[in-house]
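Chemist:
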Amino acid sequence: MPELPEVETVKRGLNKLIIGHKITVIKNDNLKSFPNAKHDVDQFLIESIVEHVRRRAKVLLIDLSTGYTLVIHLKMTGQLVFVDDKTRFGAGHPTDSLINSLPDKSTRVIIDFSDGSHLYFNDQRKFGWVKLIPTLEVPNMSFMMKVGPEPLEANFTAIEFVSRFKRRSRTTIKAAILNQTVIAGVGNIYADESLWGAKIHPARLVSDISVAEFDNLFTEVRFVMNLSIEKGGSTNRNYVDAEGKKGSYMDFARVFRREGLPCPRCGTEIIKIKVASRGTHICPNCQQI
DNA sequence: CACTTGACCTGTCCGC
DNA sequence: TGCGGACAGGTCAAGT
Numbered sequence: 033m034p035e036l037p038e039v040e041t042v043k044r045g046l047n048k049l050i051i052g053h054k055i056t057v058i059k060n061d062n063l064k065s066f067p068n069a070k071h072d073v074d075q076f077l078i079e080s081i082v083e084h085v086r087r088r089a090k091v092l093l094i095d096l097s098t099g100y101t102l103v104i105h106l107k108m109t110g111q112l113v114f115v116d117d118k119t120r121f122g123a124g125h126p127t128d129s130l131i132n133s134l135p136d137k138s139t140r141v142i143i144d145f146s147d148g149s150h151l152y153f154n155d156q157r158k159f160g161w162v163k164l165i166p167t168l169e170v171p172n173m174s175f176m177m178k179v180g181p182e183p184l185e186a187n188f189t190a191i192e193f194v195s196r197f198k199r200r201s202r203t204t205i206k207a208a209i210l211n212q213t214v215i216a217g218v219g220n221i222y223a224d225e226s227l228w229g230a231k232i233h234p235a236r237l238v239s240d241i242s243v244a245e246f247d248n249l250f251t252e253v254r255f256v257m258n259l260s261i262e263k264g265g266s267t268n269r270n271y272v273d274a275e276g277k278k279g280s281y282m283d284f285a286r287v288f289r290r291e292g293l294p295c296p297r298c299g300t301e302i303i304k305i306k307v308a309s310r311g312t313h314i315c316p317n318c319q320q321i
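For the first sequence, the positions run 33 to 321 when the working numbering is used.
1. By how many angstroms is the C-alpha of R88 removed from the C-alpha of P34?
2. Measuring CB atoms only, is the stretch 188-200 touching the stretch 269-282, in the sense that at least three cross pairs come out at less than 8 Å?
3. To the nearest angstrom, how far is the alpha carbon of M108 from that of G217?
4. Alpha carbon to alpha carbon, how far is L92 from A285?
5. Hey, is the stretch 42-55 in contact with the stretch 127-139, meaning 3+ C-beta pairs nearer than 8 Å?
6. Within the stretch 149-224, note down every full alpha helix (DSSP H) run reaching 4 residues or more, in order along the chain.
7. Where does L249 fall in DSSP's three states?
8. Are the CB atoms of Y152 and P171 nearer to each other than 9 Å?
9. Name the residue from V73, T98, I205, D224 whose alpha carbon lies nearest to the alpha carbon of T167.
10. Would you say I131 and V113 are within 9 Å of each other, going by their C-beta atoms?
11. In three-state terms, what does DSSP make of K43?
12. Is it buried or exposed for A244, if we count other Cβ within 10 angstroms and need 16 for buried?
13. Are P294 and I303 close, meaning C-beta to C-beta below 9 Å?
14. Let me know the beta strand (DSSP E) ranges lying completely inside the stretch 44-115, each 3 residues or longer, listed in chain order.
15. What three-state label does DSSP hand E35 in the structure shown?
16. Have a look at L164, T251, F288, H150 and flag the residue whose alpha-carbon is nearest the alpha-carbon of I51.
17. Please confirm whether I205 and V253 have their CB atoms less than 9 Å apart.
18. With the cut-off set at 9 Å, would you say Q111 and N270 are in Cβ contact?
19. Note the first and the last residue of the continuous beta strand (DSSP E) segment covering R290.
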């Protein structure tokens, strides 16, 4: 999915586009994408006003005036795209833009607003979901209860970063950094990018990594996340922002999906291996076991 | 408990 | 062109 920078980009886009909008209709194509009962939808979603859009880890939270929140997980291929019919075919959008072809066959949920605009939840693989939950119960959702700290929070320190890993010392650093209960928001792209930045081989055991290396990793995680947010996220395949636009971080990636190309630091050919059952990109010279 | 693996889905790409 | 298999940004539930 969309990892932290992509979800953050969608959140920022929605905050510019849908605050104050009133929801009039919701349509869904299967229960998996939007499992709520019609009764709750009629009572707490229809006629509600969008008040805030928040993010926690890789989860989007759209707070409504009814005291309910739309909790959205994009998983691997989810998209959340706002389309205003007044601008759909207008200037600034090429005719082949995604927004001109929505809804399409991967559209799972459509939210209509009272001014005639729409929010499309697209998800090719159907792993993602939208759930309507009382706002006060969101922190009690099982994922929210166990998810780790936000790496970009100003008060999150290198000391806490290291201590979060200590309890997971018997696994590889790649598995640990992908574990959302250790730290929130890091997925496969930014795991590889930050491990390359810190010159740590992803298959090394957590217990064998020094505090100095953890300090470097902490810096690199924050660096790649911040850079990616600045670039509008990574479009590896499907990802687009709330306006249907792709992110450009992949133009700046150092190892991810760059197997066969030279390492930007030493020129050695980047290779792709498997670690923690995930495709993993490394420089075999900079990152040694 | 910590850890690993398979399952959830659809689509694409690569080798034959 | 077609077919089979591997693989894809993430998380769970089951297993060990």
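Even for Gly, the Cβ is constructed at its ideal location relative to N, Cα and C. Every value quoted in this text rests on a predicted model; they were computed, and no experiment measured them.
Modeler: So, from the listed chains and residues:
1. Residue 34 sits at position 2 when you count from the first residue of the first sequence. Residue 88 sits at position 56 when you count from the first residue of the first sequence. Those two C-alpha atoms are separated by around 13 Å.
2. no
3. The residue you call residue 108 lines up with position 76 of the first sequence. The residue you call residue 217 lines up with position 185 of the first sequence. About 13 Å.
4. Here the question's residue 92 lines up with position 60 in the first sequence. Here the question's residue 285 lines up with position 253 in the first sequence. C-alpha separation (whole angstroms): 25 Å.
5. no
6. 174-178, 190-198, 205-210
7. As a first step, residue 249 is located in the first sequence; it is residue number 217 there, counting from the start. If DSSP states are grouped into helix, strand and coil, L249 belongs with the helices.
8. On the first sequence, position 120 is the one that residue 152 refers to. On the first sequence, position 139 is the one that residue 171 refers to. Cβ distance not < 9 Å, so Y152 and P171 don't count as in contact.
9. In the first sequence, residue 167 corresponds to position 135, counting from 1. Comparing Cα-Cα distances from T167 to each of V73, T98, I205, D224, the minimum goes to T98.
10. Within the first sequence, numbered from 1, the residue matching residue 131 stands at position 99. Within the first sequence, numbered from 1, the residue matching residue 113 stands at position 81. Yes, these two residues count as a Cβ contact at 9 Å.
11. Along the first sequence, one-based indexing puts residue 43 at 11. If DSSP states are grouped into helix, strand and coil, K43 belongs with the helices.
12. The residue given as residue 244 occupies position 212 in the first sequence. A244 should be labelled exposed.
13. The residue given as residue 294 occupies position 262 in the first sequence. The residue given as residue 303 occupies position 271 in the first sequence. No, these two residues do not count as a Cβ contact at 9 Å.
14. 55-60, 82-88, 91-96, 100-105, 110-115
15. For the purposes of this step, residue 35 is taken as residue 3 along the first sequence, with counting starting at 1. If DSSP states are grouped into helix, strand and coil, E35 belongs with coil.
16. Here residue 51 refers to the residue found at position 19 of the first sequence. The residue with the shortest Cα to Cα distance from I51 is H150.
17. As a first step, residue 205 is located in the first sequence; it is residue number 173 there, counting from the start. As a first step, residue 253 is located in the first sequence; it is residue number 221 there, counting from the start. Not in contact: I205 and V253 (Cβ atoms no closer than 9 Å).
18. In the first sequence, counting from the first residue as 1, residue 111 sits at position 79. In the first sequence, counting from the first residue as 1, residue 270 sits at position 238. Cβ atoms of Q111 and N270: closer than 9 Å.
19. The residue labelled residue 290 in the question sits at position 258 within the first sequence. Careful: R290 lies outside any beta strand (DSSP E) and carries neither H nor E.
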